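So the sequence shown is numbered by my numbering: it starts at 2 and just counts up by one. Where is the CB? At the ideal position from N, CA and C, for every residue including glycine. Source: prediction; values computed, not measured.
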Amino acid sequence: MSRLVLIFAAFAGSLAVAAEPPKPNIVFIVGDDMGYADVGFHGCKDIPTPHLDALAKSGTRFTNGYVSGPYCSPTRAGLLTGRYQNRFGHEFNPAGGQQGLPTTEVTIADKFKAAGYRTALVGKWHLGTGERHPQKRGFDDFFGFLGGAHDYFNPNGILRGTEPAGDKTYLTDAIARESVAFIDRNKDRPFFLYLAFNAVHTPMQADDPRLAKFASIKDPTRRKYAAMMSAMDDAVGQVVSKLKDAKLTEKTLVAFISDNGGPTMTGTTTNGSSNAPLRGSKRTTLEGGVRVPFVVSWPGTLPAGATDARPVIQLDLHATALGASGLGVKPDAKLDGVDLLPFLTIRKTETPHAALYWRFGQQMAIRKGDWKLVKYDLAAEGGKGTSAAKLYNLADDIGEATDLAAKEPARVRDLQAAWDDWNKGNVKPLWGGGKAE
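Encoded structure:
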C-alpha cells in the first residue's frame, strides 16, 4: 500500500471519528411517594410546581406512565436494571442485613461507567449496603443515604462516598446543591446523574420559609407536604438552570418519575398526598399505587409540549438512555423495558408494550390495551387480605370503580393466562414484605 493511500485512509478515519455525535448526558430524577395529582401538569391547584411543569412542557408527558411496583426499593431496582424486579427476587423493600439489589444484576451506572461516563447518585439509595453500596454498583460519586427514609434536618447517616458528610443543610436543598456541583464538575464530559429524592417521603419536615408560603392550607400534614413538594420543585429548577447555564440543555436527556403513588391508606406512612382521580395508594396494584407522573425531555431532539397516552413503564427509561447514548441494548441483557426514542420521535406509532405486568406478594395486575385485571390489597378500602380478580376498562373508568369481570369472563381468562405466562419468568421473593418505607 502506498504512503498516499495510507495517509488518505488515516484522514478518512479521523473524519469518521469527528463525525460521531457527542454522547448525550443522562439525568434520571425520581420523586418519592408523590401523589399523582400533586403536580401542576396534572392539574394541582394548591401546590405550585413551576419547574416540574416547565420540564414537562419542554418534553413529552406520558399520561399512562407506570412504575413496576407500588413500593420504593423494588421500583428503583427495576429502573436501574431495566428489568422487572420480580425476575431477580427484589419484590419488597429490603429490611437490612444482606438484603438489597442482587450483585448478579448489572446496573445502568455499570454500563455508563464502562462507556466512559462519569456517574453519580445523589440522594436516596435503598438498595442495600456493603457490597451493594452505590460505589460498588457503578457510581463514581455518591452523596446521600443508604436506607429507605431519612430525617431532613439531622446529618447523621448522610454520606459522601463512604464517609459521614456532616451536612446540616435541609436535605432536599443539599441534594440540589450536590447535583448542581456534579454537573458543574463534569460539564466537559458525558455524565449520568441519578438524582433520587427522598421528598416527599415521611418524616414530614419542611423549612420555615417554605411552610410560610403555604399558610393558607389548613391541614397541617398537607401544608408540610406542599412545602416539601415546593422544595423538590425548586431543586429540579436548579438542576435544569445549571444545564442551561452550562449550555448542556440540548445535550442532555432528562427523565422524571415518582417511585410509586402517594401513600393515602391505613398501613402506609401517609404524607398528605392525593392520587385523584385514581383509586388506591402506595402498596397497592390499583392505579393509585403504580401510575405516576412521567416526563421525558431532550430539547432539540424530542418534541416539546407533547402528551402521549400510550402505556409506558419506568423500565423503559433504562433502554431509552442506552439508546440515546448510542450504547444500545445488548442481546443478552434480557431487558423488559424498551427504547422509547423511536416512539417519541413518531417513527413508531404502535404501542411500546403489548401488556404491562405487576406482582407484589398476593397482589397482581396486568394492563393490556385499555383493560386491566387486578387483585389488590383490600386495606385500600378498609378491609383485610387480597381482593378477587377485578376487571376494569381504564379508558372509561380511570378510577377503577366498575368491575366488569362478571360481564367479560373470556377477557378475564385471557388476561389471567397472559399474566401467568409472564409470571413463569419470575422467581420467588428473596426476602419477605420488608418495611413499609
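Residue nearest to residue i in terms of C-alpha spacing, selected from the options
| i | options | result |
| --- | --- | --- |
| I87 | G97, P71, A96, Q99 | Note that residue 87 is Asn in the sequence shown, not Ile. When only C-alpha atoms are compared, the closest one is P71. |
| M230 | A247, D246, L212 | L212 |
| D317 | T308, F295, Q136 | F295 |
| R161 | K349, D152, Q136, G149 | Q136 |
| D174 | K252, T321, M233 | M233 |
| R190 | L196, R178, F113, G139 | F113 |
| E409 | Y195, A121, A390 | A390 |
| E251 | S259, F257, V241 | V241 |
| H151 | H127, V291, Y85, Q99 | H127 |
| V181 | A325, D141, A207, V28 | V28 |
| D422 | D260, W359, G386 | W359 |
| G386 | Y393, K376, L392 | K376 |
Buried or exposed (CB count within 10 angstroms, at least 16 for buried), residue i
| i | result |
| --- | --- |
| V237 | buried |
| V339 | buried |
| P165 | exposed |
| V428 | exposed |
| P25 | buried |
| Q363 | exposed |
| T269 | buried |
| N187 | buried |
| N94 | buried |
| N155 | exposed |
| E351 | exposed |
| I258 | buried |
| Q100 | buried |
| G97 | exposed |
| E382 | exposed |
| A305 | exposed |
Identified DSSP bridge partners for residue i
| i | result |
| --- | --- |
| S231 | None; S231 has no bridge partner. |
| G60 | Per DSSP, none; premise fails for G60. |
| A121 | D142, L194 |
| Y67 | R292, I314 |
| F361 | Q364 |
| N394 | W372 |
| N26 | T253 |
| G32 | S259 |
| E401 | According to DSSP, which records beta bridges pairwise, E401 is partnered with nothing at all. |
| V297 | T61, A256 |
| P165 | L160 |
Through-space distance from residue j to residue i, alpha-carbon basis
| i | j | result |
| --- | --- | --- |
| A10 | P343 | Only weak support exists for where A10 lies, its pLDDT of 49 falling under 50; the coordinates are left without a value. |
| D220 | V255 | 34 Å |
| D246 | S388 | 52 Å |
| K335 | D47 | 43 Å |
| D471 | E106 | Not covered by the structure: residue 471. The range shown for the chain is 2 to 438. |
| L172 | G79 | 25 Å |
| P204 | Y153 | 8 Å |
| N65 | P430 | 27 Å |
| V297 | G60 | 6 Å |
| H52 | T222 | 23 Å |
| D378 | R414 | 21 Å |
| L395 | L416 | 14 Å |
| S275 | D34 | 10 Å |
| G434 | P22 | 46 Å |
| A403 | Y67 | Checking the displayed sequence, the identity of residue 403 turns out to be Thr instead of Ala. Roughly 21 Å between the two C-alpha positions. |
| W299 | A57 | 11 Å |
| P1 | G329 | The structure shown has nothing for residue 1, since the chain only spans 2 to 438. |
| G158 | Y118 | 28 Å |
| D208 | T163 | 27 Å |
| V31 | L303 | 20 Å |
| G426 | C45 | 39 Å |
| G36 | A380 | 18 Å |
Segment limits, beta strand (DSSP E) that includes residue i
| i | result |
| --- | --- |
| F192 | 192 to 197 |
| A356 | No beta strand (DSSP E) contains A356, which DSSP labels as neither H nor E. |
| T173 | Element bounds for T173: not the beta strand (DSSP E) but the alpha helix (DSSP H), 172 to 186. |
| A307 | 307 to 309 |
Residue range of the alpha helix (DSSP H) that includes residue i
| i | result |
| --- | --- |
| N424 | 410 to 424 |
| G289 | 288 to 291 |
| F93 | Segment: none, F93 is in no alpha helix (DSSP H) and carries neither H nor E. |
| V255 | Counting along the chain, V255 falls outside any alpha helix (DSSP H), though it belongs to the beta strand (DSSP E) covering 253 to 259. |
| K214 | 209 to 214 |
| A110 | 109 to 115 |
| F344 | 342 to 345 |
| T82 | 73 to 82 |
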